[in-house]
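A.B. asks:
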Amino acid sequence: MGKLNFIMLREEASRCLLCYEPPCSSSCPAKKNPASIIMSLRMENYKGAAIKAREYVDNVGACGDACDNKMYCQRNCIRSKIDRPIKIRIIQENMYT
Amino acid sequence: MIKDLSIEFCGIRCENPFFLSSSVVGSNYEMCAKALEMGWAGVVFKTIGFYVPEEVSPRFDVIGKENTPFMGFKNMEQISDHTLEQNLDWLKRLKEDYPSKIIVASIMGENEEEWTELARLVTETGVDIIECNFSCPQMASEAMGADVGQNPELVKRYCEATRKGTHLPILSKMTPNLANIVIPALSSIEGGADGIAAINTIKSITSIDIDTLTPFPIINGKSAVSGYSGKAVKPIALRFINDLAQSDKLKGVPISGMGGIETWSDAVEFLSLGATNLQITTAVMQYGYRIIDDLISGVSLYMEDNGFEKLEDLVGTALKNIVTADKLDRNYIIYPKVNKEYCIGCGRCYISCYDGGHQAIKWISESREPSLIYEKCVGCHLCANVCPVNAICSGEKVYKASEKNS
Numbered sequence: 005m006g007k008l009n010f011i012m013l014r015e016e017a018s019r020c021l022l023c024y025e026p027p028c029s030s031s032c033p034a035k036k037n038p039a040s041i042i043m044s045l046r047m048e049n050y051k052g053a054a055i056k057a058r059e060y061v062d063n064v065g066a067c068g069d070a071c072d073n074k075m076y077c078q079r080n081c082i083r084s085k086i087d088r089p090i091k092i093r094i095i096q097e098n099m100y101t
Numbered sequence: 007m008i009k010d011l012s013i014e015f016c017g018i019r020c021e022n023p024f025f026l027s028s029s030v031v032g033s034n035y036e037m038c039a040k041a042l043e044m045g046w047a048g049v050v051f052k053t054i055g056f057y058v059p060e061e062v063s064p065r066f067d068v069i070g071k072e073n074t075p076f077m078g079f080k081n082m083e084q085i086s087d088h089t090l091e092q093n094l095d096w097l098k099r100l101k102e103d104y105p106s107k108i109i110v111a112s113i114m115g116e117n118e119e120e121w122t123e124l125a126r127l128v129t130e131t132g133v134d135i136i137e138c139n140f141s142c143p144q145m146a147s148e149a150m151g152a153d154v155g156q157n158p159e160l161v162k163r164y165c166e167a168t169r170k171g172t173h174l175p176i177l178s179k180m181t182p183n184l185a186n187i188v189i190p191a192l193s194s195i196e197g198g199a200d201g202i203a204a205i206n207t208i209k210s211i212t213s214i215d216i217d218t219l220t221p222f223p224i225i226n227g228k229s230a231v232s233g234y235s236g237k238a239v240k241p242i243a244l245r246f247i248n249d250l251a252q253s254d255k256l257k258g259v260p261i262s263g264m265g266g267i268e269t270w271s272d273a274v275e276f277l278s279l280g281a282t283n284l285q286i287t288t289a290v291m292q293y294g295y296r297i298i299d300d301l302i303s304g305v306s307l308y309m310e311d312n313g314f315e316k317l318e319d320l321v322g323t324a325l326k327n328i329v330t331a332d333k334l335d336r337n338y339i340i341y342p343k344v345n346k347e348y349c350i351g352c353g354r355c356y357i358s359c360y361d362g363g364h365q366a367i368k369w370i371s372e373s374r375e376p377s378l379i380y381e382k383c384v385g386c387h388l389c390a391n392v393c394p395v396n397a398i399c400s401g402e403k404v405y406k407a408s409e410k411n412s
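First to last, the protein sequences are chains A and B.
Per my numbering, the first sequence starts with residue 5, numbered consecutively.
Per my numbering, the second sequence starts with residue 7, numbered consecutively.
1. As a quick exercise: from Leu301/B, Gln156/B, Ser210/B and Ala191/B, pick the residue whose alpha carbon is nearest that of Ala289/B.
2. Bridge partners for Tyr405/B per DSSP, in chain order?
3. Closest to Ile379/B by CA distance: which of Lys343/B, Leu26/B, Arg354/B and Val392/B is it?
4. Counting contacts by CB-CB distance shorter than 8 Å, is Cys23/A in contact with chain B?
5. So, Ala413/B versus Asn117/B, is the Cβ gap smaller than 8 Å?
6. Quick test of your reading: Leu256/B and Ala203/B, contact by CB under 8 Å. State the CB separation rounded to the nearest angstrom.
7. Count the other CB atoms, across all protein chains shown, that sit within 10 Å of the CB of Glu57/B; report buried if there are 16 or more and exposed otherwise.
8. How would you write the range of the beta strand (DSSP E) that Pro264/B sits in, first residue to last?
9. Using only the alpha-carbon positions, how far apart do Cys71/A and Ala53/A sit?
10. Considering only the beta carbon of each residue, do Val62/B and Ser28/B sit closer than 8 Å?
11. Please go through the same chain and pick out, in chain order, the residues whose beta-carbon is closer than 8 Å to the beta-carbon of Ile113/B, but skip the five residues on each side of it.
12. Among Ser262/B, Phe276/B and Ser303/B, which one has its Cα closest to the Cα of Ala25/B?
13. Could you tell me the boundaries of the beta strand (DSSP E) in which Ala324/B lies?
14. Please confirm whether Arg93/A has its beta-carbon closer than 8 Å to some beta-carbon of chain B.
15. Counting only Cβ-Cβ distances shorter than 7 Å, please list the residues of the region 14–42 of chain A near chain B, keeping chain order.
16. Assuming the contact rule is C-beta atoms closer than 8 Å, Arg83/A and Cys32/A should be a hit. Round their C-beta distance to whole Å, please.
17. At a CB-CB cut-off below 9 Å, which residues of chain B make contact with Ile86/A?
18. Chain B beta carbons: is any one of them nearer than 8 Å to that of Ile90/A?
19. Could you spell out where the alpha helix (DSSP H) holding Met7/B opens and where it closes?
20. Using a Cβ-Cβ cutoff of less than 7 Å, which residues in the same chain neighbour Gly280/B once the five nearest sequence positions on both sides are dropped?
21. Can you find a C-beta in chain A that's less than 8 Å from the C-beta of Trp369/B?
22. Taking three-plus beta-carbon pairs below 8 Å as touching, is the region 11–19 of chain A in contact with the region 39–53 of chain A?
23. Scan the region 58–84 of chain A for residues whose Cβ lies nearer than 8 Å to a Cβ of chain B and list them as they occur along the chain.
24. Could you tell me if Gly197/B is buried or exposed, where buried requires 16 or more neighbouring beta carbons within 10 angstroms of its beta carbon?
25. Counting only beta-carbon separations shorter than 8 Å, does Glu72/B have a partner in chain A?
26. Mind checking Glu14/B: buried by the 16 CB within 10 Å criterion, or exposed?
27. Closer than 7 Å by C-beta to Lys101/B: which residues in its own chain qualify, once you throw out the five before and the five after it? Chain order, please.
28. Quick one: measure Cβ to Cβ for Lys80/B and Ser210/B, integer angstroms, because I've assumed they're closer than 8 Å.
29. Check Gln156/B in the structure and name its three-state DSSP category.
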């Protein structure tokens, strides 16, 4: 992961509201749990976050596969009630590429 | 319109309360000249002495969290690494070229003779005030630094020695690395100091490189305890300023406050606790001398909004509102109130109330709404503290139906 990507990831994870019953996770048709990946990033457990992201890809495919690029996670992100949703797909893709 | 921010400190009129504190930010002629021209009222020049230290590389560490990576700052610099002659020449030229500004010479000796001689030498340069640095926590010499400031007897003797060499106002700069700051402050005044400067940096280890198991900054595989400053230390600094200002024995002694001042509201806070002069370094290291513009503008607008004509009227205004914990009113609960218009349904209040409070919020999953359970709520307001959109404010105030009251 590039240095700037890492800073973007940290900034983006910091914007996350860390919701209870996170709608990003409950709305994923592939049953991924992006909220837990972001929580790991927030707790600086970068390796743990990457392992989770990788496992999801291996088990249920890349982001956009199951939802036909509809990105229900981002559409339901509570942060968009303030300004704009967390870049949940980019975060995940950065973790497993 | 900018208000008149001038204020008297140690009997000297200053155009505003903002001085650079003794550090790298005021360590040569050009730097001080630039800051003064940009609007700083004065400079406490980087501490000078007969001792000329060797410095390490690198020499700083920062600590923050989430997307604020620089909240606290650790430095390992000692006193000026220029020669005494060079520093004295700079002080002289600064006062000559900026006669309306306040030049403070910070000094540090290793014994009484040195303190007297340094005081005499800087007085000859024409500076306005002398600050005795009793508190640098990372001096390589044991006879200097923060451990001096922990010893009231030594502080008194060094103040007396400084007084022998000067007629100028003397500021005694306190270490926060002790339990009771009033003790060495009193010794300073007994020894002939006119005012107190506080706080110097706090002894710290900011972080450890967990790969090499060495604290930062790493110098050839090793590190050392050294001074912590920046926004993160402001609460500790304010506490010490309050201790000084509330002390009957120090009544009327001018206080130069510092420790984490970054914004105009930080400045107002220090003034409200009794400081009549403010010193800043870490924020300047992070953002530059240009922060003076918003410090001046912000304080001025605050004065306008709150009807303060003179900066002096603001000094010490918060002191009457600080009491010991036993004197606080414990007879009521203020219930938090969720403003539904602002609530975005993240559920953070629910999580924190359950795991860190009193399980007094019911979460309605379908509508993503919190609902207060009054019987369980103790009014701690943790929910309001964690709400990311400030949707929770103080609501109904209810007096407790305690046995005492009934």
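The C-beta atom is built at its ideal place from N, Cα and C for all residues, glycine as well.
C.D. replies: This is what the structure gives:
1. Leu301/B
2. Tyr338/B
3. Lys343/B
4. yes
5. The displayed coordinates of chain B run from 7 to 412. Any statement about residue 413/B would go beyond what the structure contains.
6. Their Cβ separation, rounded to whole angstroms, is 13 Å, which puts Leu256/B and Ala203/B out of contact at 8 Å.
7. Note on identity: in this sequence residue 57/B is Tyr, with Glu being the wrong assignment. Looking at its Cβ environment, which holds 16 or more other Cβ atoms inside 10 Å, Tyr57/B is buried.
8. A quick correction: the sequence has Met, not Pro, at residue 264/B. First-last of the beta strand (DSSP E) with Met264/B: Ile261 to Met264.
9. 22 Å
10. no
11. Thr53, Ile54, Gly55, Trp121, Leu124, Ala125, Val128, Ile136, Glu137, Cys138, Asn139 and Thr168
12. One point to set straight first is that residue 25/B is Phe, not Ala, in the sequence displayed. Nearest option by C-alpha distance: Ser262/B.
13. It is not in any beta strand (DSSP E) - Ala324/B carries neither H nor E in the DSSP assignment.
14. no
15. Arg14, Glu15, Ser18, Leu21, Leu22, Cys23, Tyr24 and Glu25
16. The Cβ separation is near 16 Å, so there is no contact.
17. Ile350, Pro394 and Val395
18. no
19. Segment: none, Met7/B is in no alpha helix (DSSP H) and carries neither H nor E.
20. Ile247, Ala251, Ile261, Val321, Gly322 and Leu325
21. yes
22. yes
23. Ile82
24. buried
25. yes
26. exposed
27. Ile109, Thr131, Gly132 and Val133
28. With a Cβ gap of about 6 Å, Lys80/B and Ser210/B count as contacting.
29. coil
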